[in-house]
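Have a look at the structure below before the remarks.
Chains as they are written, first to last, in the working numbering: chain X, -18 to 174; chain W, -18 to 174.
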């Protein structure tokens, strides 16, 4: 659907309003009527922008939250070109998830949407972009002679993604960022050699 | 509740029957009546062994599944005393989760039980025992002079747990064990130095 600039703004207002509400409440209990009321839109407007209803809107919110995951790590994630840059990135990831604590907006949405192709695509895109940034950072460190050439950049980037994902998952259970920090610090140590 | 040997056997039969059924079906739709029918027990028996009903039974099944997670890694996990032992353990973890694929009995149960103190305790106990085995393995490798003394055994064990947890989580989304393998191989490389 091609939207006008005004249409895009309205759609974005609905997504951001829904995201804020879903962050403060259990997504399982949130209805389209709640979102309509909060964002001051009519039923007709909601279905104009999200013809498939709640699932489509929730997916749009998940995509918005996924973009925020990456935005929150910038500008560090996009310029992993020195050891201080890696440390700043590491700190920004830990700070972001420490602030988020046990709640995880994207995780809560995902367990609502279920494993539909759309939900899988949101997660795959996020993971792919995140991993590509880290892989590029490792390659740039290698080009600068700061990381030994023998390190497999792609495999190590995948290990970072697994460690972060698991650290965040364990934070949701334990309330502690300890595993997240251990994963990041151990893998950065590995790069330092 | 102190159970006789016969009582313990009956309770175990209910837990194992419920576990088999919950592995083949979505836990959300399973009722106590289903479990009663499958295990050939009466309502009275179920409530004798699980006075708090479904949640208590599901927690007992989660504990049983958590024990299996560790059992499936034995004898390797308990004797990480040489590089071939680490590789055999790594292969057993990957094979276990490759066979399990996108389904995760423990994860599915956990999303049913929610973040109750009982559920948190099951996960914490599993994570704690798993991590302790890996930490001991690293310490033994250090004592044998196979891993450098500068490696922080506790922190590295926590990184393994985060990487495995995240790798399994990503397997549930992507259907691939790639992230799990990347995490295990990178961290073992780190130990090898």
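Yeah, the Cβ is synthetic: ideal placement off N, Cα and C, and Gly gets one too. Bear in mind that the values here come from a model prediction, so they are computed numbers and not experimental data.
Output, in chain order, the set of chain X residues within a Cβ distance shorter than 7 Å of residue i.
| i | result |
| --- | --- |
| residue 175(W) | Residue 175(W) lies beyond the stretch modelled for chain W, which goes from -18 to 174, so this question has no answer here. |
| residue 97(W) | Correct list: empty, because the minimum Cβ distance to chain X is about 11 Å. |
Assuming contact is defined by CB atoms lying nearer than 8 Å, are residue i and residue j in contact in what I supplied?
| i | j | result |
| --- | --- | --- |
| residue 3(W) | residue 103(W) | no |
| residue 147(X) | residue 123(W) | no |
| residue 0(W) | residue 46(W) | yes |
| residue 116(X) | residue 174(X) | no |
| residue 144(X) | residue 143(W) | yes |
| residue 71(W) | residue 165(W) | yes |
| residue 13(W) | residue -12(W) | no |
| residue 77(X) | residue 156(X) | no |
Which residues bound the alpha helix (DSSP H) around residue i?
| i | result |
| --- | --- |
| residue 59(X) | Where residue 59(X) is concerned, there is no enclosing alpha helix (DSSP H), given that its DSSP letter is neither H nor E. |
| residue 105(X) | 98 to 124 |
| residue -2(X) | -14 to 5 |
| residue 150(W) | 134 to 155 |
| residue 26(W) | 24 to 30 |
| residue 159(X) | 159 to 173 |
| residue 42(W) | 35 to 52 |
| residue 18(X) | 13 to 20 |
Out of the options, state which residue places its alpha-carbon closest to the alpha-carbon of residue i.
| i | options | result |
| --- | --- | --- |
| residue 160(W) | 32(X), 139(X) and 85(X) | 139(X) |
| residue 61(W) | 145(W), 23(W), -13(W) and 125(W) | 125(W) |
| residue 163(X) | -17(W), 26(W), 137(W) and 108(W) | 137(W) |
| residue 79(W) | 130(W), 53(W) and 32(W) | 53(W) |
| residue 48(X) | 82(X), 18(X) and -3(X) | -3(X) |
| residue 121(W) | 172(W), 84(W) and 23(W) | 172(W) |
| residue 114(W) | 65(W), 51(W) and 77(W) | 51(W) |
| residue -17(W) | 29(W), 19(W), 81(W) and 152(W) | 29(W) |
| residue 89(W) | 33(W), -11(W) and 11(W) | 11(W) |
| residue -10(W) | 13(W), 15(W), 65(W) and 26(W) | 26(W) |
| residue 119(X) | 107(X), 31(X), 141(X) and 108(X) | 141(X) |
| residue 105(W) | 44(W), 23(W) and 69(W) | 44(W) |
| residue 93(W) | 156(W), 55(W) and 38(W) | 38(W) |
| residue 42(W) | 67(W), 91(W) and 69(W) | 91(W) |
| residue 109(W) | 6(X), 21(X), 154(X) and 168(X) | 154(X) |
| residue 20(X) | -5(X), 32(X), 5(X) and 6(X) | -5(X) |
| residue 131(W) | 132(X), 167(X) and 112(X) | 167(X) |
| residue 74(X) | 58(X), 107(X), 65(X) and 112(X) | 58(X) |
| residue 111(X) | 56(X), 64(X) and 152(X) | 56(X) |
Kindly list, in the order they appear in chain W, the residues whose Cβ is closer than 9 Å to that of residue i.
| i | result |
| --- | --- |
| residue 108(X) | 151, 154, 155 and 160 |
| residue 119(X) | Within 9 Å Cβ-Cβ: nothing; residue 119(X) doesn't reach chain W, min ~11 Å. |
Around the C-beta of residue i, are 16 or more other C-beta atoms found within 10 angstroms, so that it is buried, or is it exposed?
| i | result |
| --- | --- |
| residue -14(X) | exposed |
| residue 150(X) | buried |
| residue 86(W) | buried |
| residue 8(X) | buried |
| residue 81(W) | buried |
| residue 100(W) | buried |
| residue 97(X) | exposed |
| residue -8(X) | buried |
Can you pull the chain W neighbours of residue i, defined as C-beta to C-beta under 7 Å?
| i | result |
| --- | --- |
| residue 146(X) | 147, 150 and 151 |
| residue 101(X) | 154 |
| residue 29(X) | Per Cβ cutoff of 7 Å: no residues; residue 29(X) is ~31 Å from chain W at best. |
Cβ-heavy atom distance between residue i and the ligand HEM below 7 Å?
| i | result |
| --- | --- |
| residue 76(X) | Summarising the ligand content, the structure contains no ligands, and the ligand HEM is consequently not present. |
Just to make sure I have the definition right: I need the residues of chain X whose C-beta is within less than 9 Å of the C-beta of residue i. Which are they?
| i | result |
| --- | --- |
| residue 115(W) | Within 9 Å Cβ-Cβ: nothing; residue 115(W) doesn't reach chain X, min ~11 Å. |
Would you mind telling me which residues of chain W sit closer than 8 Å to residue i, beta carbon to beta carbon, in chain order?
| i | result |
| --- | --- |
| residue 105(X) | 154 and 155 |
| residue 57(X) | Ordered by position in chain W, no residue passes the 8 Å Cβ test against residue 57(X), which lies about 20 Å from the chain. |
What residues from chain X crowd round residue i, counting only those whose CB sits closer than 8 Å?
| i | result |
| --- | --- |
| residue 140(W) | 144, 160, 163, 164, 166, 167 and 168 |
| residue 2(W) | None at all; the shortest Cβ gap to chain X is about 21 Å. |
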